[in-house]
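In full-length UniProt numbering, the protein residues as written are 1 to 560.
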């Protein structure tokens, strides 16, 4: 199958350097308009081969049987390569067999740690007490593990699935982090890269699609790789990548049809980055419509954010908030031209969502989304008022508003709107009541955004960041506030993990996007604001996932 020609031919975008005093320009232009759809013959050939390979992998997974480590490592590779969505039932059955067989009695710490992580990721009940036998009398892992990079990394990765109160996993994370750092310089290059990336961002917190793309390169160099799994992962990545490219082409046409930059030249034009954001939320083929709808929603939300944050006067923003709150076109004519255009596009886009979903008796979903958009507009306006008054609220009041204004509560709802699956109305009731799992994800979003954006956003008009509120409340320097807030982010991740486990009554596809939204923040705002600054490493990440071909013979993108 490696002889298949790539189905798209793109020309490199013209890079426009950022202009002083404004947001950096769009890094992609109309690059994706040149996408050519995959020929139907190649599409069918690709799907046929993928189905053949899936059958082979199912058999191999079953044949692994009682060999616990072999089964666990195969499941891990399937997940790491991004094809686990083809084998959900088989993976759960295999993990259930492994759990019932008492894998926790194994004396190999690598096997136990790997099993713990995989079981927790699939929401199987498993206690962290299984690590007790590997802990010495001083509360540290046994000395014989200090030089074993594979075991250290397994325990390190597992430790980040901890929940509040699991101090054992916190100790394990600290121990393994310390000794992995000591081992990095003495490792071979491939292992060094793997460990260094883990130390930078734990595997459980990485964006899955980017991680799969990067791991494909690592897996391809492994001597004991499963050839059928490797081929499946490459072909599946190629097929899904072609879907992502077509989505971006259609979204670019939509962007031009709404005259985005003609009317909102002051705003960040980040269509491609926002589509990448949604690939981080769910990349699978079956979520194409949901991904497109959510990307449109994010584009409009980003513009709305910049209207409130950068451009509108207080009077204009009061009118805008009231107009969105009413959600009708009656008062639109009273708005300035640019706001008139925005509200018209917003209402039209939501109506298109509603019309499409009505064919499936799912138009009720959009009603919930409208209410979330109203809450978001009110949160933006509250921040404007505080910013105009140069008021620094206490942390509690700040979070009451800013956990909404980070847009994650709205996006958590919006990510479900376009899904093809049947979703009962009570799920939308639950998700719009701002449950703890969304609060935790929103807290991660808010803090990481504010810390990386704090310096460039502190103009007279801007609303004070959570850093300033924390420093004021606790009478500390902002540097200490940032450190303490990042410790609270660690606590929020534990809460997120716990809530993910507690909601086992809900299908994984309903709660996984909430986890993935937090993972996207780790990528976009880890060390700097990679959303506002599109010419950062984020452009390379997007190229790797969406643009660059996975098969070595496919070279149309080599000069990008």
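Where a beta carbon is used, it is the ideal one built from N, C-alpha and C, also for glycine.
Suppose the cutoff is 7 Å on Cβ atoms and the five residues either side in sequence are ignored; what does the same chain contact list for residue i look like?
i: residue 317; result: 308, 381 and 384
i: residue 404; result: 375, 376 and 379
i: residue 268; result: 23, 302, 306 and 532
i: residue 509; result: 421
i: residue 285; result: 240 and 243
i: residue 439; result: 403
i: residue 220; result: 230
i: residue 274; result: 295, 298, 299 and 302
i: residue 557; result: Low per-residue confidence applies at residue 557: pLDDT is 38, beneath 50, and the placement is therefore not dependable, though the value from the model is reported in the following sentence. Within the same chain, residue 557 has close Cβ partners 10, 547, 548 and 549.
i: residue 21; result: Interpretation of residue 21 is limited by its pLDDT of 38, a score under 50 that renders its predicted location unreliable; the figure taken from the coordinates is listed afterwards. Contacts found: none.
When we look at the beta-carbon of residue i and count the other beta-carbons within 10 Å, is it buried (16 or more) or exposed?
i: residue 207; result: buried
i: residue 164; result: exposed
i: residue 491; result: exposed
i: residue 414; result: buried
i: residue 426; result: exposed
i: residue 178; result: exposed
i: residue 525; result: buried
i: residue 329; result: exposed
i: residue 507; result: exposed
i: residue 486; result: exposed
i: residue 360; result: exposed
i: residue 368; result: buried
i: residue 186; result: exposed
i: residue 142; result: exposed
i: residue 89; result: exposed
i: residue 449; result: buried
i: residue 287; result: buried
i: residue 325; result: exposed
i: residue 159; result: buried
i: residue 51; result: exposed
i: residue 196; result: exposed
i: residue 213; result: buried
i: residue 235; result: buried
i: residue 338; result: buried
i: residue 105; result: exposed
i: residue 162; result: buried
i: residue 547; result: buried
i: residue 41; result: exposed
i: residue 436; result: exposed
i: residue 115; result: buried
If you drop the 5 nearest sequence neighbours on each side, which residues of the same chain put their C-beta closer than 6 Å to that of residue i?
i: residue 238; result: 550
i: residue 56; result: 228
i: residue 453; result: 529
i: residue 321; result: 377 and 381
i: residue 297; result: 414
i: residue 445; result: 406, 408 and 521
i: residue 183; result: 149
i: residue 443; result: 492
i: residue 503; result: 511
Where DSSP assigns a beta bridge to residue i, which residues make up the other side?
i: residue 141; result: 135
Starting from the C-beta of residue i, find all residues in its chain whose C-beta is less than 8 Å away, skip the five residues before and the five after it, and write them out in chain order.
i: residue 198; result: 153, 156, 157 and 180
i: residue 327; result: 347, 370 and 374
i: residue 335; result: 316, 319, 320, 323 and 343
i: residue 470; result: 395, 476, 481, 484 and 485
i: residue 270; result: 26, 299, 302, 531 and 534
i: residue 459; result: Low confidence applies to residue 459: its pLDDT is 48, below 50, so where it sits in the model is not reliable, and the reading given next is rough at best. No residues qualify anywhere along the chain.
i: residue 250; result: 292
i: residue 247; result: 275, 288, 291, 292 and 295
Kindly examine the ligand NAD and report whether one of its heavy atoms sits closer than 7 Å to the Cβ of residue i.
i: residue 376; result: Absence of the ligand NAD is noted for the structure shown, with no ligands found whatsoever.
Measure from the C-beta of residue i to each C-beta in chain B and report whether the shortest distance is under 8 Å.
i: residue 319; result: Annotation note: the requested chain B is absent from the structure, which comprises a single protein chain.
Taking 8 Å as the threshold, find out whether the segment 463-480 comes into contact with the segment 412-429 through three or more Cβ pairs. Contact fails: fewer than three Cβ-Cβ distances are below 8 Å.
Would you call the segment 422-433 in contact with the segment 347-357, where contact means no fewer than 3 C-beta pairs closer than 8 Å? With a cut-off of 8 Å, the segment 347-357 and the segment 422-433 do not count as touching, because too few Cβ pairs lie within range.
*Stretch-stretch touch, CB-based, cutoff 8 Å, three pairs: the segment 78-97 with the segment 125-140*: No, the segment 78-97 is not in contact with the segment 125-140.
For the segment 436-491, list the alpha helix (DSSP H) runs that are entirely contained and at least 4 residues long, ordered along the chain. If you keep only unbroken alpha helix (DSSP H) runs of at least 4 residues inside the segment 436-491, you get 436-457 and 466-474.
Note to self: Assess contact between the segment 503-523 and the segment 279-290, defined as three or more Cβ pairs (one per stretch) separated by less than 8 Å. Is contact present?
What the structure shows: Counting Cβ pairs under 8 Å, three or more are found: they touch.
Would you check if there are 3 or more beta carbon pairs closer than 8 Å linking the segment 254-274 to the segment 25-44?
Between the segment 254-274 and the segment 25-44 there are three or more C-beta pairs closer than 8 Å, enough to call the two in contact.
When the Cβ atoms of the segment 85-102 are set against those of the segment 59-72, are three or more pairs found closer than 8 Å? In short, these stretches touch, since the Cβ pair count reaches three.
The segment 494-501 in contact with the segment 111-119 per 3-pair CB rule at 8 Å:
Contact between the segment 494-501 and the segment 111-119 is absent: fewer than 3 CB-CB pairs across the two stretches fall below 8 Å.
Every unbroken alpha helix (DSSP H) within the segment 315-362, with a cutoff of 4 residues, ordered by chain: For the segment 315-362, the continuous alpha helix (DSSP H) assignments of 4+ residues that do not extend past its boundaries occur at 337-358, in sequence order.
Scan the segment 373-425 and note each continuous alpha helix (DSSP H) run of 4 residues or more that stays entirely inside, going in chain order.
-> Taking only runs of at least 4 residues, the alpha helix (DSSP H) segments lying wholly in the segment 373-425 are 395-405 and 408-417.
Quiz prompt | Contiguous beta strand (DSSP E) assignments of at least 3 residues, all confined to the segment 250-309 | solution = If we require 3 residues or more, the segment 250-309 turns out to have no beta strand (DSSP E) run fully inside it.
inquiry  = Which runs of the beta strand (DSSP E) at least 3 residues long sit entirely within the segment 75-125? Give them in chain order.
reply    = Whole beta strand (DSSP E) segments, 3+ residues: zero.
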